[in-house]
Each structure stands twice: as structure tokens, then as C-alpha cells.
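Read through the structure below, which is laid out as C-alpha cells, and then see the notes.
There are 2 protein chains.
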Amino acid sequence: MTQTLTPPKTYNEALKRGHYYLQTVGFNGFSFQDLANDLGIRKASLHYYFSSKEDLGLALIKEYEKYFNNFTKKNAKLPAIQQLEAWLKYCYGMTKDHQKLCPIGVLTCELNTFSSKMHKSLAKFQSNQRRWAHQTLKQGIKEKAFRKNLDTSWAADIFLESIQGGLQIARLHKKPALFQKTLKGLLKSFS
Amino acid sequence: MTQTLTPPKTYNEALKRGHYYLQTVGFNGFSFQDLANDLGIRKASLHYYFSSKEDLGLALIKEYEKYFNNFTKKNAKLPAIQQLEAWLKYCYGMTKDHQKLCPIGVLTCELNTFSSKMHKSLAKFQSNQRRWAHQTLKQGIKEKAFRKNLDTSWAADIFLESIQGGLQIARLHKKPALFQKTLKGLLKSFS
DNA sequence: GTCTATAACGAGATAGAC
DNA sequence: GTCTATCTCGTTATAGAC
Chain V
1 MTQTLTPPKT YNEALKRGHY YLQTVGFNGF SFQDLANDLG IRKASLHYYF SSKEDLGLAL
61 IKEYEKYFNN FTKKNAKLPA IQQLEAWLKY CYGMTKDHQK LCPIGVLTCE LNTFSSKMHK
121 SLAKFQSNQR RWAHQTLKQG IKEKAFRKNL DTSWAADIFL ESIQGGLQIA RLHKKPALFQ
181 KTLKGLLKSF S
Chain A
1 MTQTLTPPKT YNEALKRGHY YLQTVGFNGF SFQDLANDLG IRKASLHYYF SSKEDLGLAL
61 IKEYEKYFNN FTKKNAKLPA IQQLEAWLKY CYGMTKDHQK LCPIGVLTCE LNTFSSKMHK
121 SLAKFQSNQR RWAHQTLKQG IKEKAFRKNL DTSWAADIFL ESIQGGLQIA RLHKKPALFQ
181 KTLKGLLKSF S
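The listed protein sequences derive, respectively, from chains V and A. In this text, residue positions in the first sequence follow UniProt numbering: the first is 1, and each later residue adds one. In this text, residue positions in the second sequence follow UniProt numbering: the first is 1, and each later residue adds one.
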């Protein structure tokens, strides 16, 4: 009925294309012009939604985190190993979708070109993922999916780091199967 | 005596600073102007050495590979585990040196903004590293440093991918120790 | 081998009309 | 909410003097 109920279509489309570019060419690899072309509007119009590029960057990270939180909530009742496998499946999908990378990996490479606000936002997001991985791995031990003496703190870190690096190497050699093999093997080594 | 014997000081300095920038802000994160400022010359002068930025990029990768080949040759007679540990030590040093990243990781994130020439050069470099890791891991089994049934193909991939991702996460949280812990743990898990 | 000067372009950002 | 128009700046790259 009122304008607050109508969905901000342009805003959402911009975020969607922003995510695409971020994961394929990096945050510094695309411009307002690129987004504007895709949306069929002028780049000046984008400043109505995002006052600056940093503003866009913060919105993109926030959106990623929203998706991630939704994902973990949706799968919270599954056995731990299935939760971790579901995340791997989602990441594996990136290798087939324009060889996208993990956004955290991309942004970390560009980190020194960002403001501290974006830096902090990204670090918080990664800590969030790390907390989930750690807790899920601990749950997996209780469920006997992983060995009792597994160092879950270490496992959480290497799991997330390997996803990042694995997606990057898979892109380099155009070999999605490489990601699959490495990460499945890592999960198996936790047993 | 002749000019071919005098070292091309400017050229080498440019490569050195190029490496620094590549690993701290990415290849697209610095300009000829940055290099020129550091060297105390005009940016136009750099085109005497590098006809284009792509040309500079190719030279930087070639230089990395030269260093790597030298490194492996130098340590070739050490036990396998010491060779791998030496490489980890070198990478760990990056975390303390302006939080540098693995150049392959950085360049892979920016890959879609590069020419196919640079893409191929980078892929070849990574394959070279992968071959070394694989062969060294196999040697480590013979030397009883790693378990007999270790999947060395898998181990080589996860080793290199974790280095990449590990350096990135260490930068994000400004925690060099994180890299150390993850990678030492991985190597130990191969036993 | 380094310089000045300049071309050609694309970036982020803003003012103000509609 | 989207537009035109414009500003300012930084980028790669080239021509030609010294």
C-alpha cells in the first residue's frame, strides 16, 4: 500500500550484480558504471542507494552475512557432518557459477585498499563463520562423526582456509573437481 | 666492463617494489606512479623497462618462479619434512613482513582482469609448486616422516591451498600465529 | 636511461532538473 | 527515483627532447 511495502527492486538488483562482480573480478574490479549498465540506469542513480562505493561494499558484506546466518539456521537441526557437507556443496556450486570465489578470500586480498570500517565488518563476518564451524565440529564429535581427539579449533580454521584457497586454485586450473577432492578429503581426515 | 655487466639497478628495484605492492595491495592495487615515486624517477621512465603493465606482471611472476626454483634447489638434499617446513617458515615470514600474502592467491583473485598470457604464466607457476610439493611428500613417505597410506596427491593440494588461505586469514585478523598453528597442524596430520 | 608533456580514458562523486 | 551535466582525479601509454 505504501512505498515502504514495495520492494526496492533496483537496490536488490544492484546488490545481486555487486555480489557477482565481487566474486568474479573483485571489489576493486568493477565500477558503478558496470552496475548501472547491467541495471539499465545511469551510474549517478546508484548514488541514491549507495552514497559511496564503501557504502556499497558494506551493504554487500552485510548481505553475505545475512545469507550465511540464514543458511546455518536452516540447517541447524541436521547432523553436524551434513551441515558441513551442505556448506561445501554450496561452495562447490561457486566453482560451476562463473568460477566464483569465496568473498572473504577476495576481500582479504584487497584488504589494504579498504577503510577500517570495511575491514572490521569483514573480520566480524569471518569470525561468525569460524564460530559456526567450530561449534559444528564439536557437535560432530558428540555425534561420533569425527574422532574424539580432533582439535576442533584447528579443524575449524583449516576447513575455512582450505575452502578459500581451494576455490582459488580450482579457478586457476579451471578444475571444479579439484575443490571437491580436496575438501571432501579434509572432512574425511577428521574422522 | 661493458654495459651488459652493469646491473640494471632500476629494473631490479622496480621488480622488488612491484613484489611488495603485489603482495600487500594486489597487482591492480598499485600503479606505475607508485613505483616511480619509490624509485625517485618519473613513471614514463618505467616504460623503458616494461612496455605495459602486463609486461611488468609477467616479469614479476617470472621472478617469483625463479626464487621458488632456487629455493627448492637449495634445499633439495634435506629430508622432505625439513624442506616443507622451510617453505612454511618462508611463508610465515610473510605474515610478519607487512602481512604479505601468497602472490598466487592474490593473482588468482584478480585473474579475470588479466590477459590469458598472465593466466597461463600463473597456472604454470602453481603447477610447478604443486609438482614440488607432491614429489617432496612422496619422498617424505619413503623417509618414514609421513604415514604410508597418505594420499600425496591430495596432501599436495591441501598443503598449498591452506598456505594461501591461511595467509589471508592471518592478515584479516592480524594473527600471524594463526597461520603457524594451522599449517604446522596440517603437516603433523600427515604422519 | 630519464625527462617533459600530453593524449585518451575511466573512476568516484555531486548539483540540480524532472 | 532517475536523469543530465560536470568536476576532479588517477590510470596506462606514447612522442619526442635531452
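Built from N, CA and C at the ideal position, the CB exists for glycine as well.
| Query | Result |
| --- | --- |
| Rounded straight-line distance, which links the Cα of residue 110 of chain A to that of residue 95 of chain V | 15 Å |
| Chain A residues whose Cβ lies nearer than 8 Å to that of residue 113 of chain V | 25, 26, 29 |
| Supposed close pair residue 106 of chain V, residue 26 of chain V - CB separation, criterion 8 Å | 5 Å |
| Cβ-based burial, residue 99 of chain V [other Cβ within 10 Å; buried from 16] | buried |
| contact_flag[the region 141 to 159 of chain V, the region 173 to 191 of chain V] where n(CB pairs < 8 Å) is 3 or more | yes |
| Cβ neighbours of residue 42 of chain A in the same chain (closer than 8 Å, five flanking residues each side left out) | 36 |
| Segment limits, alpha helix (DSSP H) that includes residue 29 of chain V | Run containing residue 29 of chain V: none; DSSP gives neither H nor E here. |
| Cα-Cα separation between residue 56 of chain A and residue 130 of chain A, rounded to whole angstroms | 24 Å |
| Assigned secondary structure, residue 160 of chain V (DSSP; H/G/I helix, E/B strand, else coil) | helix |
| Among V/164, V/144, V/186, nearest to residue 151 of chain A - alpha-carbon criterion | V/186 |
| Residue closest to residue 84 of chain A, alpha-carbon to alpha-carbon, out of A/135, A/171, A/46 | A/135 |
| Closer than 7 Å at the beta carbon, the chain V residues around residue 168 of chain A | 105, 108, 109, 164 |
| Buried or exposed (CB count within 10 angstroms, at least 16 for buried), residue 44 of chain A | exposed |
| Coil, strand or helix - residue 52 of chain A by DSSP | coil |
| Contacting positions in the region 119 to 151 of chain V - beta carbon closer than 9 Å to chain A | 119, 122, 123, 126, 127, 130, 151 |
| Reduced DSSP category for residue 9 of chain A - H, G, I as helix; E, B as strand; rest coil | helix |
| Proximity below 8 Å, CB of residue 128 of chain V to CB of residue 65 of chain V | yes |
| From A/171, A/61, A/74, residue whose alpha carbon lies closest to that of residue 103 of chain A | A/61 |
| Cβ shell of residue 73 of chain A (< 6 Å), same chain only, five flanking positions each side left out | none |
| Backbone CA spacing between residue 146 of chain A and residue 183 of chain V [nearest angstrom] | 20 Å |
| Residue 117 of chain V beta carbon less than 8 Å from that of residue 58 of chain V | yes |
| 7 Å Cβ cut-off: residues of chain A touching residue 189 of chain V | 189 |
| For residue 13 of chain A and residue 39 of chain A, the rounded distance between their alpha carbons | 7 Å |
| Cβ neighbours of residue 30 of chain A in the same chain (closer than 7 Å, five flanking residues each side left out) | 21 |
| Selected residue, minimal CA-CA separation from residue 48 of chain A, among A/79, A/80, A/10 | A/10 |
| Alpha carbon of residue 53 of chain V to alpha carbon of residue 32 of chain V, nearest angstrom | 8 Å |
| Backbone CA spacing between residue 140 of chain A and residue 115 of chain V [nearest angstrom] | 44 Å |
| Residue-level contact to chain A via CB, residue 154 of chain V, 8 Å cutoff | yes |
| Any alpha helix (DSSP H) of 4 or more consecutive residues that is wholly inside the region 78 to 148 of chain V | 80 to 96, 103 to 109, 116 to 142 |
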